[in-house]
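Structure first, then comments.
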Amino acid sequence: MNLSLLVLLPVCTFLVLLLLQARFARQVALTGAVLQLLVCGYLLWQYLAVRDLGNTAPMLFETDQVWYAPLQIHYHTGVDGIAVAMILLTALIVLTGILVSWTIDKWQKEFFLLLLLLSAGAYGFFISLDLFTMFFFLEVAVIPKFLLIGIWGSGRKEYSAMKLALMLMAGSALVFVGLLGLYFGAGSFDMMTIAKTTLSQTSQSYIFIFLFSGFGIFAAMFPFHTWVPDGHASAPTAASMFLAGISMKLGGYGCLRVAVFLLPQAAHQYAWAIILLAAIAIIYGAFATMMQTDLKYINAYSSVSHCGFVLLGIGMLTETSVNGAVLQMISHGLMTALFFAAIGMIYSRTHTRMVASLGGLLKAMPFISTVFVIAGLCSLGLPGLSGFVAEMTVFMGAWQNPDTWYRVATVLACASIVVTAVYILRAAGKTIMGPLPENYAGLPDATWNEKTAAVLLVAAIVLMGVAPFLVTQLVHPGVENMMRQVDKLVTLN
Amino acid sequence: MLTDTFLLFRQEIMLALLLFFLVLYKLGRARPAAHLLPIMNWLLLLNLVVGLLFYDWQGVLFNGMYRTGELIVLEKNILNLAVWLISMQAYGWLRQHRHAAEVYLLLLTSLLGMFLMLSSGHMLILYVGLEMATIPLAAAVNFALSSKRSSEAAMKMIVSSAFASALLLLGISFLYGITGSLWLAEIPGMLHATPVVLFTFLLVFSGFAFKVSAVPFHLWTADVYEGAPVAVTAYLSVVSKAAMVFVLVTLLYSVFAPLEKTSHAVLVVLSLLTIITGNLFALRQQNIKRFLAFSSIAQIGFILVGISGYSQTANASVIFFLLVYVFSNLAAFGVVGWISTQTGKETIADYANLYRHNKTLSWILAIAVFSLAGVPPTAGFFGKFFLLTAGASKGDYLFISVAALNMVVSFYYYLRIIKAIFMEPGETGIAALSLPFWPQLSLWICTGGMLASGLLGVIYQYIYSISPSH
Amino acid sequence: MNGYAYLIWIPLLPLLGFVLMGLFGRTLRNASGMIGTLLLAGSTLLSFVAAYQYFFSDGKVNDVYRKITAFTITWLQFSPGVSIDMSLVIDPVSAMMLVVVCFVSLMVHVFSLGYMKGETRFATYYAYLSLFTFSMLGLVLAGNLFQVYIFWELVGVSSFLLIGFYYDRPSAVAASKKAFIVTRFADLGFLVGILVMAFYGQSLDIATLIGNLAAPQSAAYLSMTTAGFMGISALTWGLLLIFIGGAGKSAMFPLHIWLPDAMEGPTPVSALIHAATMVVAGVYLVARLFPVFSLDVSVMQVVTWTGIVSALLAALIACTQTDIKRVLAYSTMSQIGYMMFALGISGSGGEDGLGFMASMFHLFTHAFFKSLLFLCAGVIIHFVHSNDMRDMGGLRKLLPVTHVCFLVACLAISGIPPFAGFFSKEEILLAAYHANKPVYFIALFTAVLTAFYMFRLYFSVFWHKEPGHSPTHGEGALSMKLPLIVLLLCTVLAGFIPIASWVTVDGKTLATHMNPGFSVAPVVLSTLAILLAMRWYKKTSDTPDAAASALGPAFQTVSKKFYIDEAYLFVTRKIVFPFIGRPAAWIDRHIVDGAVNGIAGITGKLSQSVRAWQSGKVQSYALYFFSGIALLAIVFIYLWK
Amino acid sequence: MNTVPLSHILFLSTALFFIGMYGLFTRRNMITMLMAIELMLNSVNINFVAFNKYLYPGKLDGLFFALFIITIAAAEAAVAIAIIINLYRTHRSIDVDDATDMKY
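Chains as they are written, first to last, in the numbering used here: chain A, 43 to 535; chain B, 19 to 488; chain C, 719 to 1359; chain D, 773 to 876.
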């Protein structure tokens, strides 16, 4: 199938929406999102079908068109299992994001336009095999976030929006310099070509710093994570979902696909630093979460902690751990999206997100509360939900790296599951359980759109948690290919 | 033979004809400006179209004093396009102006000077073109006749540029003394990197650095931009700057080619200085024109980064960026100018909640700002990417990193505008403004250009194919 | 297949119940109780069939009970050889547990029909119960270490949900959080232990793991004993960490603090989860991994001493508590301590395996009489509307059935023949006597204490004073009485079941020989303790208070549960929060984020400080212009060539 | 004939240039500043003529250049004076320090 369809579809929806009257905005957006999901489903089906036929090429559905011949810039797309999984995640979150924003009252049309633009960026990023195209889409996804937070956000929204935009832009500036290094080192922007060239150790180690820290900012790597709490907390629900669900995954995916895959020796050289930062992020993020009093801050800091697992998995550089990192990306995407959706639903009814002033919501809104609890349980790694599968794979993989200090880091990371339990249960205990304040007594429960969104996400989480083999089947060949490449190049030298 | 001559010369001839027309028009019965403006817009479109035809003519005239080629024609066309766009945008301002024809006369004379400069094969023509491009502009800056700021700006401009041309001339005179030739084609063969030559180079270079407002020769820029009428500011920041960059590239790449080592180093230093200074000053500006002045200084810094690449890619990237810059900056100035002439509001704070009543204007301004900042999918992203790629080809990554990180600073102030438009709770915001046909057309062209010129790879490819290989 | 394919339905039926009631609870409402009970009855039936088939028909090959894997799929592949498989394994231990879990759970389901009647969240309650039963059955049948962990966590969460069932009571919320977090902390050990075992043992499948490690010269064993960290071998680390997990779930000292608080949940839940099934998961885990545990003497020592210390401490504390459920909770902890140390002192085969067998036997009998005790307590609380035994008294006439049941269960737990507890406890004491004398004496003392506090409870509730209550309602519906009676029968009869011939460490029948002489001491001592309790508590008297005040600070310490809760609170409130949590949040706000904002601030300052360049004076512009050229000239002509 | 060496003439022109520059930097009256600029341009003219005469007597480039400079300087002066007059109208002063409204 033609992968460009994935980008064209949101763009077309965008155009239709642009030309239509504002009062049809949400219907159009929803239709577009449903179509996106269908196309993604078709992509999955096609992908599996082709793989079943025994096609073991690293990338499928490749198209390669010259875009800027003088600079060897191509529009080169292709997907492997990892990308397909990410694309599915994106489609799901876009759809649920639109559903959750159904009743947004200010500038509805613009809101959905930006959301669609954002999704186009994310799709493009995941299908790109050309570094320029990839970078292009990476940046496409930044500005809509700024607008979404700044216009529809709450609290210190302008400050947060600015901080987020600037930090992400700083990230992409670093990525950009790294890309130029790759380009002049290997003479091409094409990932598959660069993968075949071995750069010298010195240039690898320089380029890697730029690329990894650049993508690291997107992936909320400590100490570049501070955009996460403010940004998430101020963003409107759908934007929070998108930020945590997809945006941060752009970073993780980039770290993996660009930094590690193309610069394997440097990855081995810097593994200690990645692991150190990841372990700090995990533990420190978890402890910082424990002290938060605002539900969104809680989830945002916990995202820092959870994204640490992604980096930990990548840093350990074993096949299992990288597999785990990918799983964690997917799982975290689904889970935080659900969490933010639930928080948004609560906030839109009670107009507060402060843990201390909430309580007993299970009585007033059982559905939303149940969703909240499921998200929380997923976050603390309950088996049967996706978080468990991902975290355990990361741990197992991490442990396979026999270095003692790496194992200490792994144990520390494992320890975060306790802290996670503490903060999740504190939050859930205070908001969902306990006596219900009187002024919340008559609040309505979820509406149809919110229910649909929540059910979709919960279903995905449960599916992944109950039948992880489905996801690993999809993801694992991609990881295997990648790690084969990494190990091969490393053993060469 | 004769037709050949005329065809090679056709863009200049068209401009001269336009100037004649304006003089004659002035001689005739006095009519309101509203009568002249549509005519001028059509004529300038005609001018652009004539320039676009017969694009592949090249050759030399007047013993090599004048030369032209595909690249030069393209550069002139870019300038023509920009002038046409500005003319349409000036509609709001000139409609009420008693001396609309004179404004056109001045601007078109200046354009003619730029054409001469671009086509010059000899230092004399270069100098004459330069002065022809500058002096009328100083007068045009003064065209808000009763405004204190306007006359102050004009004074600053004429004094500064006279000083700059004095230094430039000193440089040219030394060049003459050293080489004995003023032919651009002959000079490079006789240059060697001796101290005197380097000093001469610095004098000439600074003369042009002044025109493109590179730091530390930029100080006039902001004051003049702020004081001048918006259309003139737009002209200064787009047309004049683009023309000067074209000439600077030619000078550096051909005339001073033997001094590449030094000139590269100078470019690296100046570009970083320019970017940083432009950014630092832009951060604090409240007046939007002054803000755009400093931001355009920062943009020039990026252009210098691109020039420092010394390659075909660099050449093409600079020209491509300037094309994009024409669209982006003119879109910004178009909106700013329209708001300024209609409401007199010129500070960023005035733009608070602009989106509430002026959706189209807001989006266009937003896209323009994004393009200036270099955000995809606008063309500005491609422009900046290529410039930095060109600059990086020398392998100096520290330099590129500093430049790239400065982009982040520039994001801050560009996003301030966006913040004002969309996020700040202005009491009511600026009331809904209606946009007449001409400015609207111009803005849509700019928007189209910003969106299309990046995504369509062919444009860059064409520019690349006609750029001289280095 | 191997004839056990139906095993999969045993956990699936409750899961089905959970899904049904979770999704359609609101429509099903009161019918959900019946549905849950019926589904579970199906499971129970199947489990009896399975146990019968296993023990009497095809489990035994050459006189040895073998492990039978009924079903397996690869659930999550980590690396070649290491994967989480979902498998169902039946062996003597799991067959026995299967029966216990299904049966007790069924009783509790039935009992709850009456006990929870009228509750608004009736369907939710049954959904949670079903979820718990599913998880517990999964845990019991798991053949993969990681699978154990999965169900382990699920059990934990269903326990959390059930403890917090009355979610609008802050104390219930706090208790559920505490239970979950403390066990989570222990699970961390389990998890890391699994990582260690999986890495060195090359497998997560329990049978394979045991196979890989059991032979002392195997590669896995060698690598595991040679690799080490901080001077302790990987094997010891792995087992110790796994044991921490088990100790947490089984409320062993010092991780027991959650169990008494967990009594905030509905009483039938306490009967099921916190008495009969979930809390013995730790014992079960050690039993499943027993061949590996027995490889490491030091870990076995840890198991033994943790068990015996917990048994003793809990018994001491139980003597001082006044909340009826808390007394039962501490007694549970004490009994599990028994099972645990019995495992710890057990050898790995033949006669030495007596401890193992005794532990399993005690697990089996304890499930019946402890759940009976809890259900009785449920009836009492239902009747009195209080948990405090000081509010009770003289209930024997008002609750006749309960009274008999409670009495029998008390006798059983005190080890008075011929009730079930006597048999299993005797075996344990016997094993201890042979293996470790100090442990034996402590165990004996604990047994006496047990008799004392159980009868203290019994007399306080049923005698002591005249009832202060007018009987508003009777003992409750048949659904509440029936389980009591059934469990009563089990309590009486379970001791006669020849566990020794079925559940042994090596699968071979263990010949047990009742030694009446040996039994005299414990039985007599326990009887004396009962008499003492009768003297003190049958009538209102001052003696207990006098005794308490005579003991002074010692009594105070015990009744404050040795201040262990306070110690934990100190660590969390005074150390973790202020010294780790708050600094982390502070650093994030002020240093990490401060750096980001600082960069922005510095840029702004810089911007402010350079503004003087743009002075507005055209002459100074020209001067800058010229100095610019001059500087460039100096730099590029003279300094840098 | 006892010719003046080129270096003397260059010294003269350089001196003139810097005198002009000094005048530009220090005088407050705009007309005087304009005159100072004329001085600088004239020093350049001297350069051109001198180089032409001494170094390249066979060519005329330098002479022509000087002529063009003179012409253009006149044009420049005309525009400048027009601007100064307008400045006087708006500011009531031709002191350069009075025209510093726009800064920073």
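In this text, a Cβ means the ideal position worked out from N, Cα and C, and glycines have one as well.
Note that the coordinates shown come from a computational prediction; the quantities given were computed from them, not determined experimentally.
>> For L1117 (chain C) and L1091 (chain C), what's the separation of their Cα atoms in angstroms?
In response: Answer to the nearest angstrom: the Cα atoms are 14 Å apart.
> How would you write the range of the beta strand (DSSP E) that Y117 (chain A) sits in, first residue to last?
Replying inline: I115 to V121
> From E498 (chain B) to V265 (chain B), what does the alpha carbon distance come to, in whole angstroms?
Replying inline: Here chain B covers residues 19 to 488 and nothing more, so residue 498 (chain B) does not appear.
> With L401 (chain B) and Y343 (chain B) assumed to form a contact (beta carbons below 8 Å), what rounded beta-carbon distance in angstroms separates them?
Replying inline: In the sequence as presented, Leu is not what sits at residue 401 (chain B); that position holds Gly. Yes, G401 (chain B) and Y343 (chain B) are in contact; Cβ-Cβ is about 7 Å, under 8 Å.
>> Between V1328 (chain C) and chain B, is the shortest Cβ-Cβ distance under 8 Å, so that the two count as touching?
In response: The beta carbon of V1328 (chain C) falls within 8 Å of a beta carbon belonging to chain B, placing the residue at that interface.
>> Suppose you measure from the CA of I481 (chain B) to the CA of L341 (chain B); what does that come to, to the nearest Å?
In response: 10 Å
>> For Y110 (chain A), list the residues DSSP reports as bridge partners.
In response: By DSSP's assignment, Y110 (chain A) forms a beta bridge with A:I115.
>> So that I know if they touch, is there some Cβ in chain D lying closer than 8 Å to that of K1323 (chain C)?
In response: No, its Cβ sits nowhere closer than 8 Å to a Cβ of chain D.
> What first and last residue would you give for the alpha helix (DSSP H) that runs through D803 (chain C)?
Replying inline: Looking at the DSSP string, D803 (chain C) is not in any alpha helix (DSSP H); the run it does join, the beta strand (DSSP E), is V800 to I808.
> Leaving out the 5 sequence neighbours to the left and right, which residues in its chain are closer than 7 Å to E142 (chain B) when beta-carbon positions are compared?
Replying inline: Correcting the residue type first, residue 142 (chain B) is Leu in the shown sequence and not Glu. Excluding positions up to five away in sequence, the list reads L200.
>> Less than 6 Å between C-beta atoms, sequence neighbours within five positions excluded: which residues of the same chain meet that for R391 (chain A)?
In response: L485
> From R799 (chain D) to D870 (chain D), what does the alpha carbon distance come to, in whole angstroms?
Replying inline: Taking the straight line from one Cα to the other gives about 13 Å.
>> Give me the DSSP bridge partner(s) of V782 (chain C).
In response: C:V779
> What residues in the segment 481 to 492 of chain A bring their beta carbon closer than 7 Å to a beta carbon of chain C?
Replying inline: In summary, no residue of the segment 481 to 492 of chain A has a CB separated from any CB of chain C by less than 7 Å.
> Among all the DSSP beta bridges, which residues are the ones paired with T105 (chain A)?
Replying inline: A:T119
> Does the distance from the CB of G110 (chain B) to the CB of W356 (chain B) come in under 8 Å?
Replying inline: yes
> Taking only runs of the alpha helix (DSSP H) that begin and end inside the segment 836 to 908 of chain C, which ones reach a length of at least 4 residues, in chain order?
Replying inline: 840 to 859 and 863 to 881
> Whose Cβ in chain D lies nearer than 7 Å to the Cβ of S231 (chain B)?
Replying inline: Result: empty, since nearest Cβ-Cβ is about 15 Å, beyond 7 Å.
> When the Cα atoms are used, what is the spatial distance from S289 (chain B) to V420 (chain B)?
Replying inline: 11 Å
> Exposed or buried, T378 (chain A), counting other C-beta atoms within 10 Å across all chains shown (16 or more means buried)?
Replying inline: buried
> On the three-state DSSP scale, how would you describe S128 (chain B)?
Replying inline: helix
> DSSP three-state call for T1022 (chain C): helix, strand or coil?
Replying inline: helix
> Can a CB atom of chain B be found closer than 8 Å to the CB of A1313 (chain C)?
Replying inline: Proximity of A1313 (chain C) to chain B, defined by a Cβ-Cβ separation below 8 Å, is not satisfied.
>> Taking only three categories from DSSP, how would you classify M719 (chain C)?
In response: Residue placement at M719 (chain C) is flagged as unreliable, the pLDDT there being 47, under the threshold of 50; the coordinate-derived value follows with that caveat. Reduced to three states, the DSSP call for M719 (chain C) is coil.
>> Less than 8 Å between CB atoms is the rule here; does P425 (chain A) satisfy it with respect to chain C?
In response: yes
>> Bridge partners for F789 (chain C) per DSSP, in chain order?
In response: C:L806
> Since F351 (chain A) contacts V436 (chain A) with CB under 8 Å, what's their CB separation in whole angstroms?
Replying inline: 5 Å
>> Are the CB atoms of V270 (chain A) and S345 (chain A) within a distance shorter than 8 Å?
In response: yes
>> For a contact defined as C-beta to C-beta under 8 Å, what are the partners of I418 (chain B) on chain A?
In response: V219 and L222
>> Can you pull the chain B neighbours of I193 (chain A), defined as C-beta to C-beta under 9 Å?
In response: Going along chain B in sequence order, the residues near I193 (chain A) (Cβ under 9 Å) are Y373, F440 and M441.
> What does G1334 (chain C) reach in chain D if we use C-beta pairs closer than 9 Å?
Replying inline: Under the 9 Å cutoff, chain D gives A871, T872, D873, M874, K875 and Y876.
> Which residues in the same chain have their Cβ closer than 7 Å to the Cβ of K785 (chain C), if we skip the five residues on either side of it in sequence?
Replying inline: V807, D809 and A925
>> Strictly under 8 Å for the Cβ-Cβ distance: is R167 (chain B) near chain C by that measure?
In response: no
> Three-state secondary structure (DSSP) at F338 (chain B)?
Replying inline: helix
> If you draw a straight line from the C-alpha of P1240 (chain C) to the C-alpha of A1165 (chain C), how long is it?
Replying inline: 7 Å
> Just by C-beta distance, which residues in the segment 360 to 386 of chain B are closer than 7 Å to chain A?
Replying inline: Answer set for the segment 360 to 386 of chain B: empty.
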